[in-house]
Amino acid sequence: MAITREEVLHVARLARLSLPEEEAERLREQLGNILSYIRQLDALDTKDVVPTSHAVEMGTPFRDDAVHPFGDKEAILSNAPDRQEDFFRVPRIIED
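Rendered as structure tokens:
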């Protein structure tokens, strides 16, 4: 499945990534290869395959809830491309 450069840049914007031109082209090719492989998998007949959610049956290990020091909040928030007070701001993806 061919993916366009514009689609790669759109996904990058949603992920808040800035891509150099040569990287956008490289990712366009890689994503196209991934989507082609998924199309091959989609064509497989799996009607007799038992659905699984995990390859190995095991429970989820739990740990006790405990309050831990958060660290340097300002250093963490300094990496945010957009923030409001003490929160990361992200693009809206779900409409009202």
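Quick note: the sequence shown, position 11, residue 32 per our numbering, numbers continuous. Glycine included, every Cβ here is placed at the ideal spot set by N, Cα and C.
When C-beta atoms of the stretch 23-30 are compared with those of the stretch 47-64, three or more pairs fall below 8 Å, so the two segments count as touching.
In summary, V70 is exposed, with fewer than 16 beta-carbon neighbours lying within 10 Å of its beta-carbon over all protein chains present. The shortest C-alpha to C-alpha distance from A96 to any of F108, H89, A87, V88 is the one to F108. With contact defined as three or more Cβ pairs closer than 8 Å, the stretch 34-47 and the stretch 62-81 are not in contact. The beta carbon of R110 sits closer than 8 Å to the beta carbons of A101, D103, R104 from its chain, once the five residues preceding and following it are set aside; these are given in chain order. Annotation for V29: the continuous alpha helix (DSSP H) segment containing it runs 26-35.
Residue burial annotation: V88 is exposed, with fewer than 16 other C-beta atoms found within 10 angstroms of its C-beta. Between I115 and the set L35, L30, E28, V29, the nearest pair of CA atoms involves L35.
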